[in-house]
Structures are given as structure tokens and as C-alpha cells.
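Novice:
Residue numbers (this note's numbering), protein chains in the order written: chain A, 1 to 91; chain B, 1001 to 1496; chain C, 2001 to 2496; chain D, 3001 to 3126.
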């Protein structure tokens, strides 16, 4: 079992590292990640959301629906814990 | 109202879920009608959405008014509007059937059970509706978390099975998230349509390839595709009856949907088939999954576990259809998403009825079940015939498309696997039917059936959904031509 | 030769009437007399609907009715041509006779679950009519499978261990062959021909390679297991565990004739006789079924159980009918088709006699029949009539079909077939005549000696069998309208 | 070559960290250790995402002089990419929620079997 896990882990790592070979260097400002979608958040956050903290404006506004989902996740987890841990009342 | 229908499909269960604990705190009995109401509204909205899509084409719903790719959008096309209707209506049916089951199995947890039930459905619907890769992850986790909790409150060994499922599920979700990360790195976008537009220019990138692999592996874990299926039988066997009837048909189908989206929408067939031979790998996995599933099912003496292995085999059908990579095969796969959702719901509803009435899910407890529960067993027979693929039940028609697709793709081994699984399914169901039909061999001999075995049917709340499912299986079969020409032919990725 | 096509709902009505009667049967399950009344009424109504179509067919018209499209180009649709009506007329007429007989038989043996019995009997008739009226291979397959499934509860009516193992074999053979061979054959046909609609000259001509045609031919030959061609004949003798009316109608007429009907349909209207002839498949076919003809008769000689003997006799006689497709001549085809009716009336008489003996004297073995003819003269006289007709001795109906077949084999220059026919006739007499002889002239057997109350059972039993025996006789002198219909059909294939 | 390693090494470290967690999830026999592995795995993914956001010479994604009336031209290049941060805020919450549910399940397991060793639990199931 351990050997199998080790093989799987090494394989997974190999694939992941293989992927990094074509990645832009860390900190490179010319990556697609920094150039395609995100510049708008930086440059227009003030006029569109009036929030200087860009993370906040994205979190609460541009991608606010994700945050609703996030809240739902917490709610689910809470309900899940109650459901799981609530003990049966003794009759 | 009609403009907002796409989002309301998802939001109704969510809002109702938030209110459920409060309502339950006030009056416990209100939870059940409340859930039914929520899911009915959601189903109605999903049907409105489907009609809209059929009438006016693809709906783009921008959440918060932000245009993509900056904001999150819902993209409802023929494929996912169809699956939305399916998910919403099947969860409604399961919800209807759940009343007595939940009261019996988790009497003091009804309120929280129903809350999570709704959250689970929210998760499924969110996954299906969204057009954003990360948003999909969030809803995947909602569905998963609710699923873990719902399964954990099952029978004796449920908690440990849940733990294993949780570990596997988390690995799957993490792989998916990693895939999204790699993809984001390569494209800078999270919107599926946007990513799809950018990708063709960078198909040669290793990042994209790894992203693709991880997205698929992550989804494959969630759908329990063959080598990654190990968590499924335990988890769904020990789960409470209402949970397994909800999760077993839907979680896997939703994952198959996501797989179709990734392979054919985010990536294009050119990439998934010409550059990487995904179709070959999926084809082989499907064949193994089908054969493994049915053979394992044959060995089980526990009907719920048997159904779980059947489910694993059925996943093979759909994945195999996706892997055929031609219009017929993918049509078959999508049609089978519907048919299989109906059949698996039927199976687990029967399992629920059996557990409720006969007190267990060992195959021997079914003795004389035809006498005691004629309606449940009649519905079971319909489901069984459909799984075997006897016309006019719907199972026949998806097989029909799949086999035609396989002939076109010249994938003979898949045809053999399909036919072989039909034959083994026949043996399998026959085994159950025989036990339920003959009962104890000793007293069936002397033609008198007047004493002893009186009808002792499952409660109406289970029988009605079961009847609807059985009817739907037949109708879906008879009208499968209409479904395909009316909806599915637009749902198949256009560039196949 | 284009025939005028008339759209009419009659074929659908005829198929659905027995199904409607099921509802009434179930509703009136507590009042046996009313329940049986519904069966009788339904059988009369069905027959009159079928008979009302004869006139239309005489004028070289075809009745068609399309129900629903299940796949682009594939419908569930009805189309009544002379051959279909020919079979439907036979089945629906004999249903009336057997309905009366069933009442007498089931009551005199005080059988259990009679409601279930009558209900499934009606389904079986409905699907036999569906087979007869199918307009394409798909609809045919649909009803073929329903027929298999719905006769299972009839075959295993006794619900004891013997019934269980026979039921297994029954479904195993019939479902197994249909899923493993018949279904792939249909799919391949569709793939090559692009349609499944029956056409007077076949649809496969020039559509596939010679090797493929041969392959398809073999798939169909072995796939339609109901025709009981060796080596797939094992289910028929085992199915004799069913109550006698079931054996009488289903395993002498509806089910097995549906099998040969399907075979002929496929050879005539999918391949086309020309195609078979050009590829020499017809020669292969006639010699292949000759084996069944001879072996079936030989096996029948060895049997001591009356019904088992009749079953082997049926196996042998069914292959006579298949000869129609192989004897490439007018009279050969005519003889095969007409034999459906001649053998039907003769064999149903024999089966009903066997049931009558069981009810009147509780005897199942031939060796115990000594002297029974003196106690039950009408039954045994009817047995003689039936036997002579099946063996093909004038002046009984069976002679006519054998005569045509013999003429056909001369026309087709297949002398060995003539020898086969004559040998088989001798064998037929060899296993029938001793039965008749000992029953009239033999010593009283032990089963009869001490039982003075052995006499003809209820008139419900005796009247139907006397009636069909007389019909067997009458068919020699007046074989219409069956002969007309057969002529119309065979001419439609030969001409044009 | 050196540049290559300097440019990519951080990804590799994240990957190694992930794999440590992944290995623990699969091969550890104690349920709590599995959960710890799960956490390591998830945390590594979060760090990985965050490192996508990095831009050399850029600052936090909070606008300076935001309220000055807009004379300062805001250049995307001077702020790091905010999107991965947002995603990871969500992911962290998901992770915590998963952890919570996992622990609750573990408690339930412990109540049933009085142990958290996988081997012993399997023995008790049989």
C-alpha cells in the first residue's frame, strides 16, 4: 500500500513539475494571469466599486457570487457538524 | 421573473435551506412541505429556463451585472438547461419519497437533514448552471460537504465509509482546483467561454496539458470512474435511504456533465482527441468499468451494494459515450445521463422501500416481495428491464445510440462490453426477481395463496415517486426520438 | 409494385384492446366470472377488429399507422400487410378459443393467481399482434421482447422449483439470443441500410459486402430464438411446465409462430429472397433447418410426456415454415406461410387434448394412456384429427401446406428436401399414431383401471378442442381467407 | 539553466509540499494524520495560487492615493494580481469547512469504534 502511494505521489509530482516547465517565472509581470483579466480590477476598481482595496472589491463585487457560495459552504459545514454530532435522545 | 429564472433555479433551494432550520425550530413537521415547495419552485424555474433556451437560444446571465470574464456568468445552453430540469425534478421526486424514510432512520435530525438536502441540491444545480470554472469548484464543495454529512448519518458503518469518501472527495476537488490554477496561469481567465477562446493558441503548452489532466482526474474521482471508484460502494450502501436515492443518481451524473463541459466546451475536440488521445483512454476505462461493475454486482448479496456496482458500470456507459467522440456517441452519453438518473433513482427508491418495509437490504429479505409489495416490485421490474435494455424502456435507446456511435467509431470492444453488460444485468435482475417472485420454495407448491402473504406495501409517499419514475422510464423511452431531435441534438458539442 | 397505403388506427386498436382489458381484469379480480367475461369480450373485440381489415387487404392495399418517432428514421409504427394480417388473424382467433378453454382448465385444476394469469395472457396476445403489425424491425423487436418478458410469469405459473429452473432457461435462451445476436443484427442493419422499414424486396441489397450479409444472416438466424431452430431449441420443451392453455396458445401459436414470423419477415422484407438466393444463403438455410426438422421428430419419438412430445414436434414443424424463405419458388414460400395456420390449428388441438387428459384423468405420460380413448372419446378423436393434420395427411389442413412445400422443393430443384419432408411425415405418424392406437385399442392402464370417474372434463374444455379439430379438417376444403392472404403476400414478393 | 531553476523553484517547492500532504492522505493509517495530510495538501495549493499572483516590484492590491481625486494614473503593473487572492480567500473557507466536517466525521467514527487507527477499525467492521 505504501509503495503504491509512493508511486502515485511520484507520478503526480512528475506530471505537475512537467507542467511547470512551460510556466512563466515566478514574479514575472507579463504572464497571462496578470494581463488578461486582472488589470481591469486594478485600474477601474475606484470608478466601478469605489473601493481602494482591490481584493475586497473583487471579493464583494465582481465575484460576489463566489462569496455567496463561500458563505453557503460555511453554512453547510455548520449544518453538517450539527447533523453529524447531534446525539440521539435516549428514549 | 422569467428573466431571472436561471438564477432562481439555484437560489430557491439555497434561500429555503437557510430558512429551514428556523422553520424547524418552530415546527418540525413543516420542513417536509417546505423542501417540497422549494424544489417545486426550482423545478418550475428550470422548466421555464429550458423553454427559454429552446425558444430563444443560449441564455447568458451575468451575476451582479458584471460582464464576463470579469464577473461570474451563468451560461445556460441546451445541454445544461436539460440537466437542470433533470436534477431539479429528480431531487423533487426523492424529496417527496423521503418523508417516512427520514422519520424512520433519523427521527431527531429531520430539520438538519432537510437543510442539507436542499444545500446538496443547490450544489448540484450550481455546478450545472455556472459558466465559471472557479464558481464550479465552490458549488462542487457545497454539494460534497452536504453529501458527506448526509451519508455520515446512515447505518452502522456509515461514518468510516464517509471518512474515506471525504478523503477521496477532497483529493478530487483539490485536483480540480489545481487544474483550474494551471489553466488560470496559462490563460489568465476563469470564464469557461473565455478560456475556450484563448486556449487554441496555446494548445502546445505543457501547462495546459497538465491542467487538462488534473481537471479530468479530479472529476473522475467525483464520478467514481473505474480505478477511482473505491469510495463509492461503501458510502452509498451505508447511507440513509433518502440520501442514497438523492446522491447516487445525481452526483455522478453532474460529474459526467462537468466532464463533457471540460472535454468539449472548455477544450475543443481538436485538443481532447487529436492532440491528446483522451477518447482512447476513456474508451478503455469505460469498457473496464462496465465489465468490472456488472461482474462485481453479480457477486453481491446486498442489494444496495449491488446497485452501487451497477452505478459504476453505468458510469462506464456514459464515459464510453463521451469517449466515442462522435455525435451519436455523445448524444447517447447525454441521453444516458437522463436515463441513468431515472433508473438509478428508481433502484434506490426501491431499496428505500425495501429497507423501510422489510427492514434490511440483503437480497434474501426480498423473499415473496412480489406478494407483499406488488407495486414496488412492478416498478423495480420496469427499472430492471430498462437497465437490461429491453425496449420500449429508455435504457434501450441510450444503448442504441451508444452502439451506433461505437459502430461509427469502429470501437468494437465497447459494443461487446455493452452487450455483455446487458446480458449480465439480465442475470442480475433475474436473480433478484426470482427471489422476490418465488419466495420460499416450500409453500409455493400447493397453489394456495390465500393465507399468510397479504399485501404490505411501502408508504404512498414512496410509491408515488417510484411510480412516476417507472412511468418516466417508459415515456422517456417512447419519446426519446422527440427528446433527441428537440433538445439533445443542439446540446451535442457542435464541432464533433 | 406500389400498393396503396391507407392510414387507419385499427392496428393500434387491435394491439391495445387486450391491454385495456388488463385494467378491467385487475379491477374485477374479486369476481372471477366478471373477470373472465372481460377476457372473452376483449378477445372477441380484438378478433373483429383484426377481421375487419381483411377486406381492405384483399384489394391490395396496406394499412399503416405511425405512433411515434423514436429515432430519426425509426418509428414505432404499424403496417398491416397480408402476411401480418395472416398471423394476426390466426392469433386473435385462437385467443377466443383458448380463452374459453382457459376458463375450464384453470377452474377445474383450481389454479392459484388466476388474475395474474389472465392479465399476462392478454399482454402476450397484445404483443403477438404487435409483432404481426410491425412496420419496421425496431417495432418488431420491441414487441418481440415484450412477448418474451410477459410470458415469463405464465411459464413459471406454478412457482415451484421446476418452474424456476425452466423459467431461467426460458428467459436465458430468449433474452440471451435476442440481446447477443438479434439486437446487434438490427443495429448493423440500420447502420448499413439507413432504415429499418420492411420493404417487399428487402433493404439490404447492395448496401453491405457479401461477408457482412452472411454475418447478418447468421445473427438473425440465431438471434430470433423463438423460432426454436437447433441449437437454440432447449427452452421450448422446458416451457411445457406452464399450464396447458399457455402451452397451447403461446407455445404452439403466439410465441413460436411469432418467432418464425420474425424470421420470415427478416428474410423476406429485410434481406429479400433475391439477395438470399444470389448469395446461396437459401440453400444453407434449408439444409440447416432440415437438421432441426429431422432431429426434432426423432426426439419427439423418445418422449413419454405428452407435452414434451408435442414440444419436440413443434420444434420440428416450425422449421418447415422456415423452409419458405429458403425454397426459392412460389409454392415453396406459399407452403411455408400457409403452414403457420395449418400447424397452428393442428397443434393447438393436440395441446388442448393433452390438457383435457390432464384435467379429466390426471395423466401426463403417454405410457399410461392405455384405454383412455374409450373413456374420453371426443378428446382422443380430436387428438387424432390434430395429429393427422400436423403430419400432413389428407383430408386435413396440414396436407395442403406440405403439398405446397413438396411442390416448392421440386420447383427449386432441391430433391433432398423432398426426402426430408417425407421422412419427417413418417416420423410424425410414428410418434402420433401409437398414442391414438393404445388409447382406443390398448389395455386399460393402471392409471385408469381403478378410476371409474374418468370421463370427459367440463364442456369449456372439450368444446374448444373439438372445434379446432373440426377447423383443421375444414381448412382442407376451405383454406380461405388464409390462403388468399398468403397468396397476396407471396405474389407481392415475387412480382414487381 | 540557473535562471530556469531560480524562476521555477518556488513552484517546485509548492509541489513537493503538496505531495507530502498527498502522501500522508493516502498512506497514513491514523485518521487524524490523514486529515493533517489533507490540510497540508490544501494549504500548498493555496500558496501555489498566491504565487501566481506575484509580480516583481509590485505592491499589495490596495490602491494608494485612492482618494486623491484620480490625478495618479493607476497602473496594473504596480499592484500584484488580486484575483488569486480572492479565489484563495474562498478556498481557505472551503478548506476550513472541509476540515470541520472531517473532524466531525472522525468524532463519529471514534464514538462507534473507540479508535482512530484504520487497521483496527477495519478489523472491527469485519
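Beta carbons are placed, not taken as given, at the ideal position from N, Cα and C, and that holds for glycine.
From a predicted model like this one, the values you see are computed outputs, not experimental measurements.
1) Take the Cβ of residue 1500 of chain B as the centre, count every other Cβ of all protein chains shown within 10 Å, and call the residue buried at 16 or more, exposed below.
2) Beta carbon of residue 1119 of chain B: closer than 7 Å to some heavy atom of the ligand PLP?
3) In the DSSP assignment, the beta strand (DSSP E) including residue 1501 of chain B goes from what residue to what residue?
4) For residue 1448 of chain B, I'd like the list of residues in its chain whose CB is within less than 7 Å of its CB, leaving aside the five on either flank, ordered along the chain.
5) May I ask which residues mark the beginning and end of the alpha helix (DSSP H) holding residue 87 of chain A?
6) How is residue 2226 of chain C classed by DSSP in three states: helix, strand or coil?
7) Is the Cβ of residue 1126 of chain B closer than 8 Å to any Cβ of chain A?
8) Taking a cut of 7 Å between CB atoms, which residues from the region 3037-3063 of chain D lie near chain B?
9) Straight-line CA distance for residue 2025 of chain C to residue 2118 of chain C?
10) Taking only three categories from DSSP, how would you classify residue 1184 of chain B?
11) In the DSSP assignment, find the beta strand (DSSP E) that holds residue 1239 of chain B and state where it starts and stops.
12) Could you have a look at residue 2080 of chain C and say whether DSSP puts it in helix, strand or coil?
13) Taking 8 Å as the CB-CB limit, is residue 1113 of chain B close to chain A?
14) So what's residue 1268 of chain B in DSSP terms, helix, strand or just coil?
15) Would you check if there are 3 or more beta carbon pairs closer than 8 Å linking the region 2319-2327 of chain C to the region 2364-2373 of chain C?
16) Residue 1105 of chain B touches chain A at which residues, Cβ-Cβ below 7 Å?
17) What whole-angstrom Cβ distance do residue 1020 of chain B and residue 1111 of chain B have, given they're in contact under 8 Å?
18) I'd like to know whether the C-beta of residue 3008 of chain D is nearer than 8 Å to at least one C-beta of chain G.
19) List the residues of chain B whose Cβ lies closer than 7 Å to the Cβ of residue 3112 of chain D, in chain order.
20) Can you tell me whether residue 2957 of chain D is buried or exposed? The criterion is at least 16 other CB atoms within 10 Å of its CB, across all chains shown.
21) Within 8 Å of any Cβ in chain D, is that where the Cβ of residue 67 of chain A sits?
22) To which residues of the same chain is residue 1387 of chain B closer than 6 Å at the C-beta, ignoring the five residues directly before and after it?
23) Strictly under 8 Å for the Cβ-Cβ distance: is residue 70 of chain A near chain D by that measure?
24) List the residues that DSSP assigns as beta-bridge partners of residue 2064 of chain C.
25) Bridge partners of residue 2148 of chain C, per DSSP?
26) Using a Cβ-Cβ cut-off of 8 Å (strictly less than) and excluding sequence neighbours within five positions of residue 2473 of chain C, which residues of its own chain qualify?
27) For residue 1337 of chain B, does the three-state DSSP call read helix, strand or coil?
28) Restricting to runs no shorter than 4 residues, where is the alpha helix (DSSP H) found entirely within the region 2134-2222 of chain C?
29) In the structure shown, what three-state DSSP assignment does residue 1029 of chain B receive?
30) So what does DSSP say about residue 66 of chain A, is it helix, strand or coil?
31) Can you find the residues in the same chain that come closer than 8 Å, C-beta to C-beta, to residue 2233 of chain C, ignoring five residues on each side of it along the sequence?
32) Evaluate residue 2036 of chain C with the Cβ neighbour count: other Cβ atoms within 10 Å of its Cβ, from every protein chain shown; 16 or more gives buried, anything less gives exposed.
33) Give the residues of chain D in contact with residue 1155 of chain B, contact being defined as C-beta atoms less than 9 Å apart.
34) Contact between the region 2067-2079 of chain C and the region 2135-2143 of chain C is defined here as three or more beta-carbon pairs at a separation below 8 Å; is this criterion met?
35) Are three or more beta carbon pairs between the region 2406-2420 of chain C and the region 2338-2353 of chain C nearer than 8 Å?
36) Does the region 1110-1124 of chain B come into contact with the region 1186-1202 of chain B, if we say contact requires no fewer than three beta-carbon pairs (one atom in each stretch) closer than 8 Å?
Specialist: From the atom records:
1) As displayed, chain B neither begins before 1001 nor continues past 1496, which places residue 1500 of chain B out of reach and without an answer.
2) What this structure holds is no ligand at all, so the ligand PLP is not there to describe.
3) Because chain B in this structure spans residues 1001 to 1496, residue 1501 of chain B falls outside the shown range and cannot be described.
4) Reliability fails at residue 1448 of chain B, whose pLDDT of 42 lies under 50, so the model's placement of it is uncertain and the value that follows must be treated cautiously. Contacts found: none.
5) Note, residue 87 of chain A: premise wrong, no alpha helix (DSSP H); not H, not E.
6) helix
7) yes
8) If the cut-off is 7 Å between Cβ atoms, the region 3037-3063 of chain D has 3038, 3041, 3042, 3045, 3048, 3049, 3052 near chain B.
9) 7 Å
10) DSSP, reduced to helix, strand and coil, places residue 1184 of chain B within a helical segment of the structure shown.
11) Note, residue 1239 of chain B: premise wrong, no beta strand (DSSP E); not H, not E.
12) strand
13) yes
14) coil
15) no
16) Simply none; closest approach about 11 Å.
17) 7 Å
18) In the structure shown, chain G does not exist; the protein chains are A, B, C and D.
19) 1159
20) Because chain D spans 3001 through 3126 in this model, residue 2957 of chain D falls outside it and cannot be assessed.
21) yes
22) 1343, 1395, 1425
23) yes
24) C:2007, C:2079
25) DSSP, once it has assigned bridges, lists no residue as partnering residue 2148 of chain C.
26) 2385, 2389, 2395, 2396, 2397
27) helix
28) 2137-2155, 2161-2177, 2183-2193
29) helix
30) helix
31) 2292, 2296, 2315
32) By the neighbour-count rule (16 or more Cβ atoms within 10 Å), residue 2036 of chain C is buried.
33) The premise fails here: residue 1155 of chain B is roughly 11 Å from chain D at the closest Cβ pair, so nothing lies under 9 Å.
34) By the Cβ criterion, the region 2067-2079 of chain C is in contact with the region 2135-2143 of chain C, since at least three pairs of Cβ atoms, one from each stretch, lie closer than 8 Å.
35) No, the region 2406-2420 of chain C is not in contact with the region 2338-2353 of chain C.
36) When Cβ pairs closer than 8 Å are counted between the two stretches, the region 1110-1124 of chain B is seen not to touch the region 1186-1202 of chain B, the count staying below three.
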